[in-house]
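2 protein chains.
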Amino acid sequence: MKQNSLHVGTLAKGLRLLRAFDESHVSLTLTELVERTGLEKSAVQRMAHTLHVEGMLDRDPDTRRYRPSHAWLELAYVYYWSNPLISRALPKLIEFSRTVGETVNLAQMSGDHIIYALRLPNHRTHFAASIVGRRVPALATASGRVMLATRSEAEYREACASWPLPAATPRTITDRAVVEEDVVAARRNGYAITEAQVLLNEISLAVPIIGTDGRADAAVQVSLSSLAYDFDRVRREILPVLLDTTASIQG
Amino acid sequence: MKQNSLHVGTLAKGLRLLRAFDESHVSLTLTELVERTGLEKSAVQRMAHTLHVEGMLDRDPDTRRYRPSHAWLELAYVYYWSNPLISRALPKLIEFSRTVGETVNLAQMSGDHIIYALRLPNHRTHFAASIVGRRVPALATASGRVMLATRSEAEYREACASWPLPAATPRTITDRAVVEEDVVAARRNGYAITEAQVLLNEISLAVPIIGTDGRADAAVQVSLSSLAYDFDRVRREILPVLLDTTASIQG
DNA sequence: ATCTAACGTATCAAATAATGATACATCGAT
DNA sequence: ATCGATGTATCATTATTTGATACGTTAGAT
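Right, here's the structure in full:
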């Protein structure tokens, strides 16, 4: 089982318990943990007990279900401090959010997904789009495409060919050639704009935050209702302010 | 070392590595990890390696420093889904934040601290007050006091006598009798208001979210500049809206 | 109210997998 | 270029995890 002698299997197993929780499995019994981790019952028993004692899992004394603890939030707190981009971007995003009155996100590349690291929801934003830490396939998002557009041609072509691209909505573009065209367009324009790729009636506009090496690992994305906006209006009213914002973050 | 046979020491040690990071230690070398965890060099080497391979720690290939990974944000995402209060409160808080235009927080009791689970910053909010997961000694905050006020007399007296109460600012009240008086006042009034307990020039107003058992494990807190507001104005302008908000969350 | 199947808890001998001392390699400061 | 500090690799020892099993407990059905 262990590949090299530095791999501590027991620790890896413990982490599997944590990963067994997700947005549709927010609390788990012992046997559910056994099913979802594929580990032995005894092992799960010990790991869950340890995680509970160590404060990583809460436990309902009546139902005996395990739940994520506050520690899961504390870890996010430390992450925020650890990433200097976050503290640079946040005040600018707050200001931007107030100016345009729409939902504003900071997205970071994370493998072949993007992860939302900061989110400033507005009154129309639904729950899933209001909370940080959500991962979405990069190719399906304006943020992902605009970040890819700052990479080399080899890189973005490889990504467009192989990264996941599930059909989240009936209108999701699953033709990879079209996605690649959009990346090329983003490269030319300096922004990407999509509609109904992840959520119906949602327009997303994203501009990259370009690092010193010319590559972007982050992007600022605005989400708008397609009932209130069309692409033209987004380009006229939102894009200029967004470009100012990202420029000020890059310093 | 192990207390009972269900305790998996290896897993507990791995978690200590994660806890070695905090807001003033956002990246750590191997030897720093050894110092901060008190574990053997070899153990830290293996644990850090495993956490890296499992995606819980990033690593700078040049400096060889370990850093929190995106996974730390993903855990927060799951936590949000796991706590039904969060999804009930968030839309109301967004609306409230827009109405009053000030920083709005959802605080939860976490042992003898409170933890900020939701934060809607405004343009004046500084970084530390903008990000979720921050823990603050409960007695020092309006939220903590107003939650204590919903507990039994025995409980809140015990808390006022023994919970931590560090002098965060020159004006922090460290007289526990005064704190207890404030809890009693909160019990009578249904809200708590503090000034300069955690941060100078900051007024905090908090109202509890009371559960079916009459006890509060959460509170909504508004933070205001004492340069712009005094207690009277807060009570007149903010408090009524805040009471409406918490009432609507309790449903 | 009683039964029963599913779930959670406790125990223990076996042996695997973590341990930690040490040696080697690499880095970076002077 | 040298030296001290930091990171990496190795291996025999044994403490620790393992996992099968037996025992309690719960909740749902009749």
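Chains A and B, in that order, give the protein sequences. Each number in our numbering comes from the position in the first sequence (counting from 1) with 12 added on. Each number in our numbering comes from the position in the second sequence (counting from 1) with 12 added on. Note that beta-carbon positions come from the ideal geometry of N, C-alpha and C, so glycine has one too.
Enclosing alpha helix (DSSP H) for residue i [first to last residue]
i	result
P103(A)	96-112
P252(A)	251-262
D194(A)	188-201
V158(A)	154-160
R28(A)	21-31
L212(B)	No alpha helix (DSSP H) contains L212(B), which DSSP labels as neither H nor E.
Residue i in three-state terms, based on DSSP
i	result
H64(B)	helix
S142(A)	coil
N2(B)	The first residue shown for chain B is 13 and the last is 263, placing residue 2(B) beyond what the model contains.
V246(A)	helix
V232(B)	strand
A218(A)	strand
L239(B)	coil
S291(B)	Any property of residue 291(B) remains undetermined from this structure, which presents chain B solely from 13 to 263.
S164(A)	coil
M13(A)	Only weak support exists for where M13(A) lies, its pLDDT of 41 falling under 50; the value from the coordinates is given anyway. DSSP places M13(A) in coil when its eight states are reduced to three.
L40(B)	strand
S81(B)	coil
Classification of residue i by the beta-carbon crowding that lies within 10 angstroms, buried from 16 upward
i	result
F33(B)	buried
R157(B)	buried
R200(A)	exposed
S142(A)	buried
R245(A)	exposed
A24(A)	buried
A240(A)	exposed
H138(A)	exposed
R248(A)	exposed
T153(A)	buried
A166(B)	exposed
A171(B)	buried
T62(A)	buried
R183(A)	exposed
E214(A)	buried
S17(A)	exposed
S237(A)	exposed
Cβ pair residue i, residue j closer than 8 Å
i	j	result
S155(B)	A101(B)	no
G145(A)	E86(B)	yes
V210(A)	V253(A)	no
L69(A)	I98(A)	no
N134(A)	T111(A)	no
V38(A)	R71(A)	no
Q233(A)	N95(A)	no
A198(B)	A161(B)	yes
L30(A)	A60(A)	no
A55(B)	G67(B)	no
H19(B)	V65(A)	yes
Contacts around residue i, its chain only, beta-carbon distance under 7 Å, and the 5 residues preceding and following it disregarded
i	result
K14(A)	At K14(A), the pLDDT of 41 sits below 50, so the modelled position is not reliable; the number obtained from the coordinates is stated separately. Excluding positions up to five away in sequence, the list reads G21.
T186(B)	L177, A179
K104(B)	T257, S260, I261
G113(B)	N134
I222(B)	T162, A228, Q262
Cβ-based neighbour list, residue i, same chain, cut-off 6 Å, excluding 5 preceding and 5 following
i	result
M159(B)	M121, P220, A228, A231
T181(B)	A208, L212
L151(A)	W175, L177, V191
A119(B)	I126, Y128, S155, A231, Q233
A204(A)	A154, R157, V158, A198, A218
Y92(B)	I98
G50(B)	none
Terminal residues of the beta strand (DSSP E) in which residue i lies
i	result
T206(A)	204-207
Y128(B)	125-132
R147(B)	147-149
L69(B)	69-71
Cβ neighbours of residue i in the same chain (closer than 8 Å, five flanking residues each side left out)
i	result
R48(B)	A32, H37, L40
A88(A)	V144, G145
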